[in-house]
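To start, the structure itself, in structure tokens.
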Amino acid sequence: MTEQVNKQLLIDFVESVWNTGDVEAADRYIAPVYTIHHDPGDPWDQQELDRAGDKERVRRSRAPFPDQCFRIHGLVADADRVVMTWHWSATHQGDLPGFPATGNAIRMSGATVYYVENGRFTGHWQITDRLGVYAQLRQGQMTSSMS
Numbered sequence: 041m042t043e044q045v046n047k048q049l050l051i052d053f054v055e056s057v058w059n060t061g062d063v064e065a066a067d068r069y070i071a072p073v074y075t076i077h078h079d080p081g082d083p084w085d086q087q088e089l090d091r092a093g094d095k096e097r098v099r100r101s102r103a104p105f106p107d108q109c110f111r112i113h114g115l116v117a118d119a120d121r122v123v124m125t126w127h128w129s130a131t132h133q134g135d136l137p138g139f140p141a142t143g144n145a146i147r148m149s150g151a152t153v154y155y156v157e158n159g160r161f162t163g164h165w166q167i168t169d170r171l172g173v174y175a176q177l178r179q180g181q182m183t184s185s186m187s
């Protein structure tokens with residue numbers, strides 16, 4: 041596949057699966073085995089998932105933030121990799137362990153390297169500001185308790 045095709049594949053994947061929540065669409069984008077090589081703070085860090093496991097990861101990730109949206113800032117492709125820089129925003133509408141829903145807006149940014157083979161994503165390596173997210177969640181708890 042060309043690098044431009046891989047970029048478009050990632051744009052389509054993010055929009056259909058992560059932004060709109062069409063988890064079943066993941067079958068079009070994810071390889072039979074998907075490896076999360078590096079994603080500190082993610083419960084699935086350093087795990088190999090089959091398609092069903094990856095769909096469950098998406099469902100669980102979206103549950104507290106059903107209106108989440110990844111805005112892609114940049115894409116760079118090289119052979120079998122596509123690097124995406126992004127900004128994520130969502131409303132904390134569902135409970136997370138230790139963080140009951142607050143209804144507050146949450147934001148995060150990061151960069152993700154996706155690995156592509158035969159037109160499917162085989163895994164990713166990601167850096168995000170999860171500590172910043174936890175700080176926002178804690179702030180939301182304090183704000184909610186003051187109301």
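Converting from the sequence shown to the numbering used here requires adding 40 to each position, the first position being numbered 1.
From the three backbone atoms N, C-alpha and C, an ideal C-beta is built for every residue, glycine too.
In terms of Cβ geometry, V98 and V63 form a close pair [threshold 8 Å]. Annotation for V54: F110, I112 place their beta carbon closer than 7 Å to its own, counting only its chain and skipping 5 residues before and after. Q166 carries a strand assignment under DSSP once its states are collapsed to helix, strand and coil. Restricting attention to A117, G172, W128, L115, the CA atom closest to the CA of W58 is found in W128. Around K47, the same chain offers L115, A117, V122 as residues with beta carbons nearer than 8 Å, after the five sequence neighbours per side are excluded.
Close CB contacts of D94 within its chain, under the 8 Å cut and outside five residues either way in sequence, are with A66, I70, Y74 (chain order).
Minimum Cα-Cα distance from I51 among the listed residues P104, M148, Y154, A103 corresponds to Y154. Around the CB of R100, fewer than 16 other CB atoms lie within 10 Å, so the residue is classed as exposed. Under the three-state reduction of DSSP output, D118 falls in the strand class. For G150, the uninterrupted beta strand (DSSP E) segment begins and ends at 145 to 157. Secondary structure of A71 (DSSP, three-state): strand.
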